[in-house]
Amino acid sequence: MALALVGTGAVGVGGHDAVADAEPFTLSAAATHQATLSAEQTSADTARISSERAGANAQRAALSAKAQAAAKAKAEAVAKARVAAAEKAARAKKRASLIAGAQADPRSAARELMSDYGFSGASQWNCLNLLWEGESGWNFKATNSSSGAYGIPQSLPASKMASAGADYRTNPATQIKWGLDYIKQSYGTPCGAWDFWNNRFPHWY
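Letter by letter, the sequence shown follows residues 0 to 204 in numbering that gives the first Met the number 0.
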């Protein structure tokens with residue numbers, strides 16, 4: 000009898016284990032739903048962080064590009080200003096040299112000064128050159144023996160040129176300035192004065 004019981008017990012235990020092994024492990028619906036939500040949240044967080052990082056990077060890139068563009072524009076403006084200043088200084092130096100050398104080259108001084116009175120262009124220069132060539136030969140000491148007209152523009156009387164400078168008798172630049180102003184006030188342009196001069200015999204303007 001004892002042997003039978005032992006055998007039966009052995010058989011009983013083995014049968015129970017077989018039933019247990021046959022039952023599959025399954026999650027409840029609530030657990031599955033929670034796992035799904037957790038995965039979706041993780042994915043959403045990852046996407047959000049990635050988007051925020053991309054946005055921050057784009058913003059930094061835009062700010063950097065803007066700063067670089069501003070720095071480039073500033074550097075170009077500084078360089079342009081330096082070039083302009085150098086050109087202006089060179090023109091001023093050339094102008095001063097031409098005016099200072101008016102005794103040796105009064106024509107170049109006159110051409111440089113013309114723009115101060117609104118005269119420009121080759122035609123106006125040609126008229127002025129012919130006018131004063133006819134009046135004085137561009138000689139700042141030229142004196143009309145009969146009338147007393149004096150200097151390159153043949154001012155009559157000579158003392159009128161004092162309004163342009165006290166050195167009017169010895170400084171061609173002073174004479175030229177006075178003559179250009181006289182032409183502007185009386186005839187408008189050198190060509191206007193030249194036309195008038197050509198229509199008078201003897202010539203005068």
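For each residue, glycine too, the CB sits at the ideal point set by N, CA and C.
Since this is a predicted model, take the numbers as computed values, not measurements.
- Message: Measuring only the C-alpha atoms, how far is Q58 from K65?
- Response: 10 Å
| Is the stretch 188-200 in contact with the stretch 121-130, if contact means three or more CB pairs nearer than 8 Å? | yes
**Report entry** Buried or exposed by the 16-neighbour rule on C-beta atoms within 10 Å, applied to Q67
**Finding:** Its Cβ having fewer than 16 others within 10 Å, Q67 is exposed.
Q. For V18, does the count of other Cβ atoms within 10 angstroms reach 16, so buried, or fall short, so exposed?
A. Residue placement at V18 is poorly supported in this model, since its pLDDT is 47, which falls under 50; the coordinates are not used for a value here.
Given a threshold of 16 other Cβ atoms within 10 Å of its Cβ, counted over all protein chains shown, does Q174 qualify as buried or as exposed?
buried
Take the Cβ of Q102 as the centre, count every other Cβ of all protein chains shown within 10 Å, and call the residue buried at 16 or more, exposed below.
exposed
Span of the alpha helix (DSSP H) holding K183? 171-186
Checklist entry - From K140 to Q153, what does the alpha carbon distance come to, in whole angstroms? => result 10 Å
Worksheet item: Roughly how many angstroms separate the alpha carbons of A30 and E39, rounded to a whole number?
Response: 14 Å
Got a sec, what are the start and stop residues for the alpha helix (DSSP H) F195 sits in?
189-197
Fill in: Integer-rounded CB distance, given that L179 should sit under 8 Å from L112
6 Å
In the DSSP assignment, the alpha helix (DSSP H) including W137 goes from what residue to what residue? No alpha helix (DSSP H) holds W137; DSSP gives it neither H nor E.
By alpha-carbon positions, which one of W203, W137, G54 ends up nearest to S185? W203
Determine the burial state of L2: buried for a count of at least 16 other Cβ atoms within 10 Å of its Cβ, exposed for fewer. Caution applies to L2, whose pLDDT of 41 falls short of 50 and renders its modelled position unreliable; the value that the coordinates give is listed next. Exposed is the call here.
| query | Quick one, which of D194, N170, R168, K159 has its alpha-carbon nearest Y181's? | reply | K159
Where the alpha helix (DSSP H) through S146 begins and ends: Looking at the DSSP string, S146 is not in any alpha helix (DSSP H), and its letter there is neither H nor E.
request  = Just the C-alpha distance for D44 and K71, rounded to the nearest angstrom, thanks.
outcome  = 40 Å
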